[in-house]
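As structure tokens, the structure follows; a few thoughts come after it.
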Amino acid sequence: MKPWRKRMTTQAAFRDDYAPRNLEALKQGAIDRLTEAFAQDFISMDEYERRAGLASAANKASELELLTIDLPQVRPQAAPGSRKHARSEPAPMARRNYDLVGSPAVTTGCIMGDRNMTGNWLTSDRVSSFTVMGSTKLDLRDVDLPPGPVHIEVFTLMGDTKIIVPRDLPVRMSAFSLMADSRIDRNVNQQTRGAECWVEVSGFIMMGDVKVVAAD
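If you're matching positions, the sequence shown starts at 148 in this note's numbering and goes up one per residue.
Right, here's the structure in full:
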């Protein structure tokens with residue numbers, strides 16, 4: 148083997164020889180870079196989700212490097228006038244759980260009854276909620292949050308779904324309402340640009356009610 152090839156092989160092996168704890172730190176660093184790149188419009192949401200899922204499942208440092216090698220060195224953008232707060236900020240109480248990205252969706256159903264999801268119940272970055280002639284509450288105040296979006300898809304028929312988020316956690320709603328009401332309270336931050344994590348609410352509401360509120 149030629150000397151330069153031997154050196155390259157040795158270097159590659161060294162790069163991938165990380166203890167599990169160090170590899171987890173590298174995963175977090177890679178997802179942080181992806182999140183910042185998405186926040187500054189260098190990659191699309193679909194591309195962010197694809198790469199973040201691959202980063203969570205990576206077993207080698209070289210795999211993580213390939214996911215970020217084409218990204219520019221981005222920095223959080225400072226607001227003009229030396230303001231201390233960016234246009235949208237993640238909730239300060241939220242913990243980041245990188246293992247949630249790409250995990251199987253949380254599915255909850257309620258027919259002619261009540262369903263309350265409280266505490267640290269979130270095990271994925273996707274939630275599917277089905278409510279018929281009942282009441283569902285999704286409380287995100289005490290959950291670990293993934294980096295990037297939490298997708299909540301609701302189907303509410305002749306019932307109500309209430310989503311409670313911590314203050315300053317941004318929410319964007321695109322649910323379709325037919326003879327129904329879907330709304331976000333005015334105390335909820337709806338500016339998702341630049342946020343580390345946020346909530347995307349979509350789905351279908353018929354003769355029912357979907358409401359997003361913020362609380363401590």
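C-beta: ideal position from N, C-alpha, C; glycine also.
Just so it is clear, the structure is predicted and the values come from calculations on it, not from any experiment.
Return the CA-CA distance between G266 and D286, expressed in angstroms with no decimal places. 7 Å
Considering only their Cβ atoms, is the gap separating I178 from P313 smaller than 9 Å? no
Ordered along the chain, which non-local residues of its own chain (more than five positions away) have a Cβ less than 8 Å from that of K231? Model confidence at K231 stands at a pLDDT of 42, short of 50, so the residue's coordinates are unreliable and nothing is read from them.
Indicate the three-state DSSP secondary structure (helix, strand or coil) for A342 in the structure shown. In this structure, A342 counts as coil in the three-state DSSP scheme.
According to DSSP, is D328 part of a helix, a strand, or is it coil? strand
Cβ of V348 within 9 Å of Cβ of M320? yes
Can you tell me the Cα-Cα spacing of V360 and V301, whole angstroms? Rounded to the nearest angstrom, the two C-alpha atoms are 16 Å apart.
Just checking my contact of L316 with M353 at CB under 8 Å: how many whole Å lie between their CB atoms? Rounded, the Cβ-Cβ distance is 27 Å, inconsistent with contact.
Reduced DSSP category for S203 - H, G, I as helix; E, B as strand; rest coil: helix
Spatial distance of D193 from V346 (CA atoms): Rounded to the nearest angstrom, the two C-alpha atoms are 15 Å apart.
Could you say if the stretch 202-221 and the stretch 329-342 meet the contact criterion of at least three C-beta pairs nearer than 8 Å? no
Which residue or residues does DSSP assign as beta-bridge partners of N263? K284
So what does I258 bridge to, in DSSP terms? V279
Look up V302 in the DSSP assignment and give the residues it is bridged to. Residue identity differs from the one stated: residue 302 is Phe in this sequence, not Val. Paired residue(s): F277, F351.
Is S276 near the ligand FMN - that is, is its Cβ less than 8 Å away from at least one heavy atom of it? In the structure on display, the ligand FMN does not appear, and there are no ligands present to speak of.
Reference W268, options F277, G260, T255, V357, closest by Cα: T255
Please report the residue range of the alpha helix (DSSP H) in which T270 lies. Annotation: T270 is outside any alpha helix (DSSP H) and is labelled neither H nor E by DSSP.
Between which two residues does the alpha helix (DSSP H) holding A252 run? No alpha helix (DSSP H) holds A252; DSSP gives it neither H nor E.
Just grab the DSSP bridge partners of A361 for me. DSSP, once it has assigned bridges, lists V312 as partnering A361.
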